[in-house]
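Enquirer: Residue numbering for the sequence shown follows full-length UniProt numbering, starting at 1 and increasing by one per position.
Each residue gets a CB set at the ideal place from its N, CA and C atoms; glycine is no exception.
Attaching a single structure in structure tokens format; questions to follow.
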Amino acid sequence: MSTAGKSILMVDDDQEIRELLQTYLSRSGFQVHAEADGRGFRRALETTPCDLVILDVMLPDEDGFSLCRWVRQHPRQARVPIIMLTASSDEADRVIGLELGADDYLGKPFSPRELQARIKALLRRAEFGQAAPGSAVLAFDDWRLDTVSHRLFHRDGEEVMLSGADFALLKLFLDHPQQILDRDTIGNATRGREPMPLDRIVDMAVSRLRQRLRDTDKPPRLIRTVRGSGYLLAAHVCSAC
């Protein structure tokens with residue numbers, strides 16, 4: 001994937017990290033704009049469209065979680081891929097970030113090379129979702145998903161905002177209805193890497209998607225847990241106009 005012209009907006013209060021990533025990613029053709037606090041990030045996002053966002057969790061004026069929530073509600077940038085930088089030992093930070101709509105996470109300290117690989121994977125996924133011409137709408141249960149615009153609508157007219165990870169997971173289930181998908185399959189399809197041992201990230205991603213689909217019954221009605229095997233979409237899927 002060509003990185004020429006791809007823009008990244010990042011916020012981190014550590015000057016060394018900002019300068020390191022600006023230098024490293026710029027060498028690969030990215031245009032990198034870095035801010036040191038939430039106020040600067042908000043101002044930059046309003047004035048400069050970007051292709052991907054990197055959010056540090058700990059900032060001097062507000063945390064990355066509130067910024068993630070704000071981006072996902074933004075009228076123009078709601079679907080931009082988001083990577084969160086979190087404390088490597090704090091699983092709670094990772095879970096919260098993913099629940100709020102982040103597409104991926106990376107624990108500190110991290111390798112700039114790994115971060116760049118994550119960035120490229122998310123941008124490839126975003127390009128793939130925008131590449132198909134025309135409109136391809138999939139209908140299931142009370143929902144309709146436009147696979148080109150990534151817009152999800154309920155029968156009552158409500159539109160549900162999907163992050164890139166939400167869309168990738170939902171599309172995976174819609175491509176394989178009534179089939180059991182194990183955690184490795186889900187992890188590889190939605191994040192481009194296998195989950196770490198005992199990692200709860202896949203389970204949290206499924207839980208978040210259930211919330212988006214109002215699938216909150218006990219047990220869930222649409223996305224069912226198959227104990228010891230994985231998850232299954234229990235719905236008929238068809239193409240719609």
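How many Å lie between threonine 185 and leucine 9 at the Cα?
Expert: Working through the sequence shown from its first residue, we reach residue 185 at position 185. Working through the sequence shown from its first residue, we reach residue 9 at position 9. Cα to Cα, threonine 185 sits roughly 30 Å from leucine 9.
Enquirer: Who does isoleucine 17 pair with in a DSSP beta bridge?
Expert: Within the sequence shown, numbered from 1, the residue matching residue 17 stands at position 17. Paired residue(s): none; isoleucine 17 is not in a bridge.
Enquirer: Please state the DSSP three-state secondary structure of valine 47.
Expert: Against the sequence shown, residue 47 aligns to sequence position 47. Per the sequence presented here, residue 47 reads as threonine, with valine not at that position. The three-state secondary structure of threonine 47, taken from DSSP, is helix.
Enquirer: Can arginine 94 and isoleucine 180 be called in contact, C-beta distance under 8 Å?
Expert: Walking along the sequence shown from the start, residue 94 turns up at place 94. Walking along the sequence shown from the start, residue 180 turns up at place 180. Going by C-beta atoms, arginine 94 is not nearer than 8 Å to isoleucine 180.
Enquirer: Is the Cβ-Cβ distance between leucine 55 and leucine 25 less than 8 Å?
Expert: Reading the sequence shown from its first residue, position 55 is the one you call residue 55. Reading the sequence shown from its first residue, position 25 is the one you call residue 25. No.
Enquirer: Given a threshold of 16 other Cβ atoms within 10 Å of its Cβ, counted over all protein chains shown, does serine 163 qualify as buried or as exposed?
Expert: Taking the first residue of the sequence shown as 1, we reach residue 163 at position 163. Counting Cβ neighbours within 10 Å, serine 163 comes out buried, since at least 16 surround it.
Enquirer: Where do the N-terminal and C-terminal ends of the beta strand (DSSP E) with leucine 106 fall, by residue?
Expert: For the purposes of this step, residue 106 is taken as residue 106 along the sequence shown, with counting starting at 1. Note, leucine 106: beta strand (DSSP E), 104-108.
Enquirer: Cα-Cα, which of Ile82, Leu172 and Asp61 is closest to arginine 118?
Expert: Stepping through the sequence shown from its first residue, residue 118 is reached at position 118. Here the closest residue by C-alpha is Ile82.
Enquirer: Suppose contacts are defined by Cβ-Cβ distances below 8 Å. Is residue 319 in contact with arginine 208 by that definition?
Expert: Summary: the structure shown does not reach residue 319, with the chain confined to residues 1 through 241, and so no result is reported for it.
Enquirer: Hey, is the segment 33-44 in contact with the segment 57-68, meaning 3+ C-beta pairs nearer than 8 Å?
Expert: yes
Enquirer: Please work out which residues of its chain come closer than 6 Å, Cβ to Cβ, to proline 133, disregarding the five sequence neighbours upstream and downstream, and give them in chain order.
Expert: In the sequence shown, residue 133 corresponds to position 133, counting from 1. Here proline 133 scores only 47 on pLDDT, less than 50, and its place in the model should not be relied on; the value that follows carries that caveat. Same-chain partners within the cutoff: there are none.
Enquirer: Can you tell which of Asp13, Ser239, Gly5 and Leu20 has the C-alpha that lies nearest to the C-alpha of leucine 138?
Expert: Locating residue 138 in the sequence shown gives position 138, where the first residue counts as 1. Cα-wise, what sits closest to leucine 138 is Ser239.
Enquirer: Tell me, which residues are paired with serine 7 by DSSP?
Expert: Along the sequence shown, one-based indexing puts residue 7 at 7. Paired residue(s): Gln31.
Enquirer: Give the DSSP-derived three-state secondary structure of methionine 204 in the structure shown.
Expert: Position 204 of the sequence shown, counted from the first residue, corresponds to residue 204. If DSSP states are grouped into helix, strand and coil, methionine 204 belongs with the helices.
Enquirer: With C-beta atoms as the reference, is leucine 52 less than 8 Å away from valine 80?
Expert: Taking the first residue of the sequence shown as position 1, residue 52 is located at position 52. Taking the first residue of the sequence shown as position 1, residue 80 is located at position 80. Contact flag set, yes.
Enquirer: Spell out the partners DSSP gives histidine 154 in its beta bridges.
Expert: In the sequence shown, residue 154 corresponds to position 154, counting from 1. Histidine 154 pairs with Trp143.
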